[in-house]
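A.B. asks: Just so you know, we're using the numbering used here here: the sequence shown kicks off at 2 and counts up by one.
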Amino acid sequence: MNLPQLDTASFDAQLPLLLSSADAQQTARALLETRLALAVLAAPGDAGDGSAQLQRLEAKLDLSLELALRARPAPALTLRDCRIGLESLAWWQDSALPVGSQWLLSLQTGLDSAMTLHLPVSIRQCNAQDAGFVLTADWAAVPEAVQQGWERWVFRCHRQQVGKRR
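1. Identify the continuous beta strand (DSSP E) that holds L80 and give its terminal residues.
2. Assign L20 to one of two classes, buried (16 or more other C-beta atoms within 10 Å of its C-beta) or exposed (fewer than that).
3. Can you tell me whether Q103 is helix, strand or coil according to DSSP?
4. Closest to V135 by C-alpha separation, out of V100, T110 and S22, would be which residue?
5. Classify V155 as buried or exposed, calling it buried when 16 or more other Cβ atoms lie within 10 Å of its own Cβ.
6. Which of the three DSSP states is assigned to R157 in this structure?
7. Does the beta-carbon of Q130 have 16 or more other beta-carbons within 10 angstroms, so that it is buried, or is it exposed?
8. Are the beta-carbon atoms belonging to W172 and L4 less than 9 Å from one another?
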């Protein structure tokens, strides 16, 4: 699968993804959930200087969050090859979408996690490829806290992927 290069730091992954229509209230609620999820995802990693008690507490909180997320009814996300960048995302799917159309993107952060991020997107490109279509979407305006958390998460995943290649 040939996904287009993005203009910023990015990483490649195979993640569950869904596009859906959403009104302003649904989008606002989804962005709040995303801000909270990114606060967890983008938090600094363990530097080894925390106390054992603090590490146990963080592990319990992570487990509680994951169990709560798994207990909620989950949307039917489809596993997609995707390239995730700071300001855009590219992925392959079997149907075309109109350029300029607006969607709410839902993206699970990993195959082993129920944590889902939601961002309003606009389809920038839709190109036929391999009996399907490669789409590129840009984020619509999101709150600063969401943008900052997203950037930290993408940079972390980008660095991890670069480290694995070496």
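The C-beta atom is built at its ideal place from N, Cα and C for all residues, glycine as well. Please read these numbers as outputs of a predicted model, since none were measured by experiment.
C.D. replies: On the basis of the supplied data:
1. As a first step, residue 80 is located in the sequence shown; it is residue number 79 there, counting from the start. Looking at the DSSP string, the run of the beta strand (DSSP E) that includes L80 is T79 to G86.
2. Numbered from 1 along the sequence shown, position 19 holds the residue referred to as residue 20. L20 should be labelled buried.
3. The residue you call residue 103 lines up with position 102 of the sequence shown. In the structure shown, Q103 sits in a strand (DSSP, three-state: E or B).
4. Locating residue 135 in the sequence shown gives position 134, counting from the first residue. It is V100.
5. As a working note, residue 155 is residue 154 in the sequence shown. Result: buried.
6. Position 156 of the sequence shown holds residue 157. The answer is helix: DSSP assigns R157 an H, G or I state.
7. For this step, residue 130 is matched to residue 129 along the sequence shown. Exposed, because fewer than 16 other Cβ atoms sit within 10 Å of the Cβ of Q130.
8. This structure leaves residue 172 out entirely; the chain is present only between 2 and 167.
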